[in-house]
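The sequence shown lines up with residues 5 to 124 when you count with the numbering used here. The C-beta atom is built at its ideal place from N, Cα and C for all residues, glycine as well.
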Amino acid sequence: MHDPNPRLTHQERKILEGIEQGLRSDTSLNRRLRSLGHTAADTGRAGGTWGTDLRHRLGWFTAVLGFACVALFLLAAASSSSGPLWLFAAVWVVTAVCLMRLLLGAVARRRSAAARRRAD
């Protein structure tokens, strides 16, 4: 059966670290990647990788949706029409989906970090 999480041997990890070190030290490659909007994770700059940027955007988007949910809920409670209530329900569903994506991503990152620590 195919292992979904293959492990590298010590020798393979050393070879991979050497390749990564060579890529990190290539200044022309770093310059080209920066011009495309990519940043290296270890540059120390704010932002980091694409995944980090997307996660932060999703976090902010979820927070805005949460505030919108509260406002729509208060509007629906104060009014007698069903429109704000249905709008609240729709925004709440999108907010719940965004929260689930954030939580599942955090769990996956924590598990992969724990697996990397165990492998070392």
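Classification of residue i by the beta-carbon crowding that lies within 10 angstroms, buried from 16 upward
i, result
"Phe-92", "buried"
"Leu-69", "buried"
"Thr-13", "exposed"
"Ile-23", "exposed"
"Thr-31", "exposed"
"Leu-40", "exposed"
"Leu-76", "buried"
"Thr-99", "buried"
Collapsed DSSP secondary structure at residue i in the structure displayed
i, result
"Leu-108", "helix"
"Thr-99", "helix"
"Leu-40", "coil"
"Asp-30", "coil"
"Thr-13", "coil"
"Ser-85", "coil"
For the stretch 58–67 against the stretch 96–115, do three or more pairs of beta-carbon atoms, one drawn from each stretch, fall closer than 8 angstroms, so that the two count as touching?
yes
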